[in-house]
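Report on one structure; see the data block that follows.
Protein chains: 2
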Amino acid sequence: MLTDFNRLKVFYTIYRYKSAAAAARELYISQSAVSQSLGKLERELKTQLFVRMHKKLVPTSAAGRLYEIVEPFVRGLEGGLAWLEAEKSGPRGVLRIGAPVEFGSRNLVELVAAFRRRHPAVFFEVSLGHPDILLPRLAGGELDLLFADIFPGRRGRNLPPFSVSTVLTEKLVLACSAGYYSTRLRGAVEPSALAGCEFLDYSHGRSALDNWFRHHYGRSFPGLKVVLTVESVQAILNAIKGGLGLGIVPEYLVEKELKAGPVRAVRTGRPELVNRISLVRLKGKAASPAEKEFLENF
Amino acid sequence: MLTDFNRLKVFYTIYRYKSAAAAARELYISQSAVSQSLGKLERELKTQLFVRMHKKLVPTSAAGRLYEIVEPFVRGLEGGLAWLEAEKSGPRGVLRIGAPVEFGSRNLVELVAAFRRRHPAVFFEVSLGHPDILLPRLAGGELDLLFADIFPGRRGRNLPPFSVSTVLTEKLVLACSAGYYSTRLRGAVEPSALAGCEFLDYSHGRSALDNWFRHHYGRSFPGLKVVLTVESVQAILNAIKGGLGLGIVPEYLVEKELKAGPVRAVRTGRPELVNRISLVRLKGKAASPAEKEFLENF
DNA sequence: ATCAGCGCTTAAGTAGCACTTATGCTTACG
DNA sequence: CGTAAGCATAAGTGCTACTTAAGCGCTGAT
């Protein structure tokens, strides 16, 4: 690669003016410095870039070729710097956000819509997926913000580079259809009765079912009959309504059905298991105005 | 504009490796220098470019944007330098040549065809036109070579930045159709007889007719009846054959017609006026291998 | 739990090189 | 023919980018 990029800046200016003296004035350096810089560049490239004529430097074809490389760069650079400047002046630019599929599809798009109504100059790139996939992308700088359903300090202090704050909690209930509830459970919610039932679970990562049992009964129940695993709350919900078995869903999603009757939840008397949606950020990363504005609306 | 382009080179390397230490090894400087350079760039832009994490520098979105500007530049630069290198290794690249319309259409294309048969890697950009138009373009660096029908040293030593060498001479004759010759001239070639005739001349620049008269009779004949001016030898030739009057054409173009009879030339006994096609180059401009090769074939 | 290892930062000193000043040359212009 | 403007070169200097060195934080191995 070229040893000194600054010579290209001098070259660029000379080319624009076809004159070393004019370039010197533009760059606030002496004419001699410009001349020396050009000479060094030519020696370095072993290529003549300008023909010295009286009061004028006439570019060779090589200079023309080089200019066609440098020129768009300088223009792009100036545009980019102006953009950076603008981004600091107020909420604009792109916000790259990661979120779990369900949260992203339901809550996040509403937040985005509301936010964009107030700040139309802010654009969003939302990536939906499992935290196990999205967290490395946050760590790699591909995301600015990440919503994830990890407990704050879930794995102790093993994620010191991240700053985590809870933004939303939702109750998780073990639910089934009314028909399933009356024919298979008949009101019996002891572990022994539940253990014989059909279950629906999520495919990725730690089992939601397992969490539920350990929360309510203090221990795992291995060997449950999991008749369906699918990484979609909506799918689990439909399966529940279809009477396939028992599955974990956020309570607010089945509030109406619980009241009206078609869906029943298993109640143990203990407080419900809660899922915390946390907002994760790279610790040490300065927040842009757009980011700040977005964060303050929580 | 940015004060120091070299910092961008360092930034580029850091971004590629997501590491200052790796960049330092790549650039053959100390890791501390890399860190300082990055720090200065960030302070200069007043924008955080990397989040410092353990053994890793994680780029911010601003860094990503900057990289997208710098990366194509570096790639383009490397490609361009390789191209420059290749051009010096042998005949390849583009040759930008200017020529008068007639010479360019007839002789030059043949030369180009023959040359390209031996050096297919050489491309040509031929500009046809009057020297008054093409000479400034040569002086401005837009042309590498210029064929022009100026006499070497035509305006004294008033064009020192150009190197001129004659490559071709052609006799210019004052000709007309056989019919015109017999009815209007009847063999009388004294100036007085000629002065009453109809003439055809070229539109641009110095009159070819005037040159002819001054060459053969030592003085100008103002007030000639010029019934047609057109900047095309072919057009003048057709006008001559059509009996419109007397016009100047290169002798070799009408050789057959002169022998066979349909066209007659006015002979004064003096040697014919000659037109020199010269090859003009910018003095002080180094010739590329392609250019050298082209020039040596004369 | 402790320590060795690696990477980034900061501070201070140095050395290299880019820049300035000065001079001479060339050409255009009045 | 003299003046003015532009470029090249030489020599000296000052800036600054770089090196060296020390310190800190984090990780992974013992």
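Taken in sequence, the protein lines are chains W and P. When the letters of the first sequence are read in order and numbered with our numbering, they come out as residues 1 to 298. When the letters of the second sequence are read in order and numbered with our numbering, they come out as residues 299 to 596. Ideal Cβ positions, reconstructed from N, Cα and C, are used throughout, including at glycine.
*Consult DSSP for Leu551 (chain P) and reduce its assignment to one of helix, strand or coil.*
helix
*Helix, strand or coil at Val101 (chain W) according to DSSP, with G and I counted as helix*: helix
*Could you tell me the distance, in whole angstroms, from the CA atom of Gly451 (chain P) to the CA atom of Val462 (chain P)?*
Reliability of the predicted coordinates at Gly451 (chain P) is poor, the pLDDT of 49 falling under 50, and the value obtained from them is presented with this limitation in mind. Taking the straight line from one Cα to the other gives about 8 Å.
*Tell me whether Arg579 (chain P) sits in a helix, a strand or coil according to DSSP, three-state version.*
strand
_Along the chain, where does the beta strand (DSSP E) containing Thr229 (chain W) start, and where does it finish?_
225 to 229
*Take the Cβ of Pro191 (chain W) as the centre, count every other Cβ of all protein chains shown within 10 Å, and call the residue buried at 16 or more, exposed below.*
exposed
*Quick one: complete alpha helix (DSSP H) runs, 4+ long, within the region 19 to 80 of chain W?*
20 to 27, 31 to 45
*asked:* Counting beta carbon pairs with one atom in the region 206 to 221 of chain W and one in the region 262 to 273 of chain W, are three or more of them shorter than 8 Å?
replied: yes
*From Val525 (chain P) to Glu496 (chain P), what distance separates their C-alpha atoms?*
6 Å
*Under 9 Å between C-beta atoms, does Leu577 (chain P) make it to chain W?*
no
*Gln346 (chain P): contacting residues in chain W (beta-carbon distance under 8 Å)*: Lys285, Ala286
*Name the chain P residues that come within less than 9 Å of Ala139 (chain W), Cβ to Cβ?*
Met351, Lys354, Val356
*Please check the pair Cys176 (chain W) and Ile240 (chain W), which I expect to be a contact at CB under 8 Å, by giving their CB distance rounded to whole angstroms.*
6 Å
*Given Glu299 (chain W), which residues of its chain have a CB within under 8 Å of its CB, disregarding the five upstream and five downstream residues?*
The structure shown does not extend to residue 299 (chain W), since chain W spans only 1 to 298, so no value can be given for it.
*Could you give the C-beta distance for Leu253 (chain W) and Val230 (chain W), rounded to a whole number, given that I count them as a contact under 8 Å?*
That pair is no contact at about 15 Å.
_Coil, strand or helix - Val189 (chain W) by DSSP_ = coil
*Excluding five sequence neighbours on each side, which residues of the same chain lie with their C-beta closer than 6 Å to the C-beta of Asn405 (chain P)?*
none
*asked:* Let me make sure I understand the geometry here. Which of P:Tyr478, P:Val471, P:Lys581, P:Leu507 has the alpha-carbon closest to that of Val564 (chain P)?
replied: P:Val471
*Cβ pair Phe303 (chain P), Leu8 (chain W) closer than 9 Å*: yes
_Between which residues of its own chain and Ala99 (chain W) is the CB-CB distance below 7 Å, once the five residues before and five after are set aside?_
Leu108, Val126, Leu128, Phe147
*In chain order, what residues of the region 88 to 108 of chain W put their CB closer than 9 Å to some CB of chain P?*
Lys88, Gly93, Val94, Leu95, Arg96
*List, in order along the chain, the chain W residues whose C-beta lies closer than 7 Å to that of Gly378 (chain P)?*
Arg65, Leu66, Ile69
*So what's Ser463 (chain P) in DSSP terms, helix, strand or just coil?*
strand
_If you follow the alpha helix (DSSP H) that Phe511 (chain P) is in, where does it begin and where does it stop?_
506 to 515
*Hey, is Pro289 (chain W)'s beta-carbon within less than 9 Å of any beta-carbon in chain P?*
no
*In terms of DSSP beta bridges, what is Asn573 (chain P) paired with?*
P:Glu468
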